[in-house]
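Trainee:
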Amino acid sequence: MLTPDTHDPLHVSTELGHLYDDPQAHYGTVNPPVYHASTYTFPDYEAWKANTTGEKPREFTYNIRHNPTTQLLERKIAHLEGADDCIASSSGMSAISMALIGLLNAGDHVLCINTVYGPVRGAFEHLLPRYGVETTFFPAAASADLSDYLRPNTRLIHVESPSTGLFEIQDLRAVAKLAKAKGIWTVIDNTWATPLYQQPIALGIDVSVHAGTKYIGGHSDIMFGLTAGTAAAMKKIRNVYTTLGACPGPDDSYLALRGLRTLHVRLKQHEASGLAVARWLESQPDVVRVNHPGLESFPGHALHRSQTSGDSGLFSFELEPRGEAARAAFVNSLRFFGLGYSWGGYESLLSPLAFQYYGNAALRQELGLRDDQFRVSIGLEGVDDLIADLSAGLNAYRRTDIQ
Ligand SMILES: Cc1ncc(COP(=O)(O)O)c(C=O)c1O
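Letter by letter, the sequence shown follows residues 4 to 406 in the working numbering.
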């Protein structure tokens with residue numbers, strides 16, 4: 004079995020292919036078995052007693068706690084994140100909720116990046132107040148020094164860097180340094196960069212969460228979550244894991260394991276194609292701005308490069324305003340960009356940002372959202388085909404205006 008070598012670290016692609024896999028433990032098959040289980044029976048009364056009294060706990064007892072297929076994935080992700088422990092769960096949202104519920108108590112105050120993924124904002128705005136937790140949202144520019152936002156009861160800072168609408172970069176080292184000095188937990192949504200391109204725990208962040216639904220799964224066929232972190236944080240989060248009952252199904256764990264084996268290859272292609280499309284868009288007269296942290300023109304680019312070693316394929320851009328009919332003509336003329344909410348899969352997707360926080364003009368203004376912004380997830384199709392598709396879309400956009 005390949006285990007991490009701290010003296011002579013292996014290339015990450017070798018680790019993605021083989022880490023902790025043990026073919027000889029299951030007839031030599033190179034892939035692990037998928038354990039479909041609710042319960043794991045005990046061999047005898049004595050084993051039952053030793054487990055139940057805590058004298059000799061067994062690793063697998065009931066599937067809501069542990070599953071061998073899932074555990075293999077958790078071990079791999081913990082290593083890739085440089086974490087002490089990792090918990091897999093049924094979705095990215097469950098991973099985030101689990102971290103928040105595990106780390107927070109009634110009476111606590113939280114700081115959260117204002118451009119955070121919408122349903123997470125919903126948890127801070129609507130769910131946590133019911134349990135006595137208050138949240139203050141801060142803009143990315145404030146992340147270099149959040150001290151003015153702190154209260155005596157601030158217990159957690161939640162960041163998402165890059166954010167996944169306008170891709171604002173938060174200063175992870177500064178956030179971690181301040182939080183550590185004040186005994187505040189830090190949680191990052193690391194889905195965009197994956198553990199291959201961003202290692203938040205090495206920068207001082209306590210917990211790194213992922214929607215494994217995106218790049219780790221990679222094929223738009225699973226919902227999956229991962230929560231990885233330091234021993235102190237994960238102890239608290241493990242305490243609520245069983246209570247929340249958010250364990251993933253073993254088939255999804257298997258698909259996440261399979262996705263992980265090719266993550267580095269896919270990510271390289273998403274990165275190259277994403278940057279090529281972003282640069283092409285930047286050169287188009289109808290494009291006002293491209294929000295891609297890998298572009299030198301992007302305001303947070305230098306900070307991004309100082310804390311993130313690569314780019315995935317999700318970014319957004321803004322067109323010269325021409326009205327809703329033009330926007331519809333642009334979107335409806337695209338052949339290869341599916342109109343969908345997700346990202347990180349093999350297929351390209353586009354989502355208009357015009358309807359995010361629909362009806363809440365003040366919040367849209369605060370977050371910098373505009374009707375003529377579009378987010379794209381650049382997939383694994385030929386980049387020339389994608390550019391030709393967008394080019395035809397922009398022609399349709401222009402034509403609609405002059406009709
Ligand atoms: C940045 C980000 N975090 C978390 C999630 C939630 O993941 P899931 O849909 O697997 O619950 C999403 C989903 O789109 C996301 O975009």
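Ideal Cβ placement from N, Cα and C applies to all residues, glycine included.
#1: Could you check if E163 belongs to the surroundings of ligand 1, using beta carbon to heavy atom distance under 7 Å?
#2: Mapping the DSSP letters down to three states, classify G158 as helix, strand or coil.
#3: When we look at the beta-carbon of M4 and count the other beta-carbons within 10 Å, is it buried (16 or more) or exposed?
#4: To the nearest angstrom, how far is the alpha carbon of F140 from that of V123?
#5: On the three-state DSSP scale, how would you describe H295?
#6: So, do the stretch 140-149 and the stretch 84-102 have three or more beta carbon pairs nearer to each other than 8 Å?
#7: In whole angstroms, what separates the C-alpha of A391 from that of R338?
#8: Cα-Cα, which of K185, A126, V212 and H129 is closest to Y152?
#9: Quick one: what does DSSP say R378 is sitting in, helix, strand or coil?
#10: 8 Å is my cut-off, CB to CB: does A147 come that close to chain C?
#11: Who are the Cβ neighbours of A399 in its own chain at under 7 Å, not counting the five residues just before and after it?
#12: Ends of the alpha helix (DSSP H) at T73?
#13: With a threshold of 7 Å (Cβ to nearest heavy atom), would D192 be considered close to ligand 1?
#14: Mind checking whether the beta-carbon of Y120 lies closer than 7 Å to any heavy atom of ligand 1?
#15: Under 7 Å from any heavy atom of ligand 1, does the C-beta of A259 make it?
#16: Please list the terminal residues of the continuous beta strand (DSSP E) segment that includes I116.
#17: Please list, in chain order, all residues of the same chain as T157 whose beta carbon is under 8 Å from its beta carbon, the five residues on each side excluded.
#18: Taking DSSP as the reference, what is the three-state secondary structure of T138?
#19: Compute the minimum distance between the beta carbon of T230 and the heavy atoms of ligand 1, and state whether it is under 7 Å.
#20: Run through DSSP, which three-state label would I172 get?
#21: My assumption, with CB atoms under 8 Å, is that E384 sits in contact with S351. Please give the rounded CB distance.
#22: Please list, in chain order, all residues of the same chain as T245 whose beta carbon is under 8 Å from its beta carbon, the five residues on each side excluded.
#23: Return the chain-ordered list of same chain residues with a C-beta closer than 8 Å to the C-beta of F109, the five sequence neighbours on each side being excluded.
#24: Any contact between the stretch 163-183 and the stretch 273-283? By contact I mean 3 or more CB pairs, one from each, below 8 Å.
#25: Use the C-beta contact count for G121: other C-beta atoms within 10 angstroms, 16 or more gives buried, fewer gives exposed.
#26: Hey, how far is the Cα of C89 from the Cα of A234?
#27: Expressed to the nearest angstrom, what Euclidean distance is found between the alpha-carbon atoms of V1 and V162?
#28: Check for me: the alpha helix (DSSP H) holding A328 runs from which residue to which?
#29: Note down, in chain order, each residue of its chain lying with its Cβ closer than 7 Å to the Cβ of L2, except the 5 sequence neighbours on either side.
#30: Is it true that the stretch 235-242 meets the stretch 48-65, where meeting means three or more beta-carbon pairs spaced less than 8 Å apart?
#31: Looking only at its own chain, which residues have a Cβ that is under 7 Å from the Cβ of A249, when we skip the five neighbours before and after it?
#32: CB V243 to CB I104, shorter than 8 Å?
#33: Name, in chain order, the residues that DSSP records as bridge partners for Y244.
#34: Does the Cβ of D387 have 16 or more other Cβ atoms within 10 Å, making it buried, or fewer, making it exposed?
#35: Does the Cβ of M226 lie closer than 7 Å to at least one heavy atom of ligand 1?
#36: Alpha carbon to alpha carbon, how far is Y349 from M226?
Mentor: Quick answer:
#1: On the sequence shown, position 160 is the one that residue 163 refers to. Yes, since a heavy atom of ligand 1 falls inside the 7 Å radius drawn around the Cβ of E163.
#2: For the purposes of this step, residue 158 is taken as the residue at position 155 of the sequence shown. Reading the sequence as shown, one finds Arg at residue 158 and not Gly. Under the three-state reduction of DSSP output, R158 falls in the strand class.
#3: In the sequence shown, residue 4 corresponds to position 1, counting from 1. The residue is exposed, with fewer than 16 neighbouring Cβ atoms inside 10 Å.
#4: Counting from 1 along the sequence shown, the entry for residue 140 is found at position 137. Counting from 1 along the sequence shown, the entry for residue 123 is found at position 120. As the crow flies, the alpha-carbon of F140 is around 12 Å from that of V123.
#5: Position 292 of the sequence shown holds residue 295. Correct three-state label for H295: coil.
#6: Too few Cβ pairs lie closer than 8 Å, so no.
#7: As a position in the sequence shown, residue 391 is number 388, starting the count at 1. As a position in the sequence shown, residue 338 is number 335, starting the count at 1. Straight-line spacing of the CA atoms in A391 and R338 works out to 10 Å.
#8: Taking the sequence shown and counting its residues from 1, one reaches residue 152 at position 149. Measuring from the Cα of Y152, the nearest candidate turns out to be K185.
#9: To locate residue 378, count along the sequence shown from 1; it is residue 375. In the structure shown, R378 sits in a strand (DSSP, three-state: E or B).
#10: Of the protein chains in this structure there is only one, and it is not chain C.
#11: Indexing the sequence shown from 1 puts residue 399 at position 396. Excluding residues up to 5 positions away in sequence, A332, F333 and S336 lie with their Cβ nearer than 7 Å to the Cβ of A399 in the same chain.
#12: Start at 1 with the first residue of the sequence shown, and residue 73 comes out as number 70. Where T73 is concerned, the enclosing alpha helix (DSSP H) stretches over P71 to E84.
#13: Position 189 of the sequence shown, counting from 1, holds the residue named residue 192. Look at D192: its beta carbon is less than 7 Å from one of the heavy atoms in ligand 1.
#14: Taking the first residue of the sequence shown as position 1, residue 120 is located at position 117. Taking 7 Å as the cut-off, the C-beta of Y120 counts as close to a heavy atom of ligand 1.
#15: Here residue 259 corresponds to residue number 256 of the sequence shown, with the count starting at 1. No - ligand 1 has no heavy atom lying nearer than 7 Å to the Cβ of A259.
#16: Against the sequence shown, residue 116 aligns to sequence position 113. Secondary structure note for I116: its beta strand (DSSP E) is the uninterrupted segment H112 to I116.
#17: On the sequence shown, position 154 is the one that residue 157 refers to. Around T157: D111, H112, V113, L114, K185 and I187.
#18: Taking the first residue of the sequence shown as position 1, residue 138 is located at position 135. Looking at T138 - three-state DSSP - the assignment turns out to be strand.
#19: Here the question's residue 230 lines up with position 227 in the sequence shown. Result no, Cβ not under 7 Å from ligand 1.
#20: Taking the first residue of the sequence shown as 1, we reach residue 172 at position 169. Look at I172 here: in three-state DSSP terms it is coil, with no helix or strand label.
#21: Taking the sequence shown and counting its residues from 1, one reaches residue 384 at position 381. Taking the sequence shown and counting its residues from 1, one reaches residue 351 at position 348. With 8 Å as the limit, E384 and S351 qualify as a contact, their Cβ atoms being about 6 Å apart.
#22: Counted from its first residue, the sequence shown places residue 245 at position 242. The residues are I67 and R68.
#23: For this step, residue 109 is matched to residue 106 along the sequence shown. Going by the sequence as given, residue 109 is Ala instead of Phe. These residues qualify, in order along the chain: Y134, G135 and V136.
#24: Touching, no, given that fewer than three Cβ pairs across the two stretches are closer than 8 Å.
#25: The residue you call residue 121 lines up with position 118 of the sequence shown. By the neighbour-count rule (16 or more Cβ atoms within 10 Å), G121 is not buried but exposed.
#26: Indexing the sequence shown from 1 puts residue 89 at position 86. Indexing the sequence shown from 1 puts residue 234 at position 231. If you take the alpha carbons of C89 and A234, they lie about 10 Å apart.
#27: An answer regarding residue 1 cannot be provided, because it is not within the stretch 4 to 406 covered by the chain.
#28: Here residue 328 corresponds to residue number 325 of the sequence shown, with the count starting at 1. E327 to S336 is the span of the alpha helix (DSSP H), which, as asked, contains A328.
#29: The displayed coordinates of the chain run from 4 to 406. Any statement about residue 2 would go beyond what the structure contains.
#30: Counting Cβ pairs under 8 Å, fewer than three are found: no touch.
#31: Taking the first residue of the sequence shown as 1, we reach residue 249 at position 246. The residues are S92, S93, S97 and M101.
#32: Looking up residue 243 in the sequence shown gives position 240. Looking up residue 104 in the sequence shown gives position 101. Remark: C-beta atoms of V243 and I104 approach each other more closely than 8 Å.
#33: Taking the first residue of the sequence shown as position 1, residue 244 is located at position 241. Its beta-bridge partners do not exist; DSSP assigns none.
#34: Indexing the sequence shown from 1 puts residue 387 at position 384. Around the C-beta of D387, fewer than 16 other C-beta atoms lie within 10 Å, and the residue is accordingly described as exposed.
#35: Against the sequence shown, residue 226 aligns to sequence position 223. Flag set: Cβ of M226 near ligand 1.
#36: By 1-based counting over the sequence shown, the position of residue 349 is 346. By 1-based counting over the sequence shown, the position of residue 226 is 223. Across the structure, Y349 and M226 are spaced so that their CA atoms are roughly 15 Å apart.
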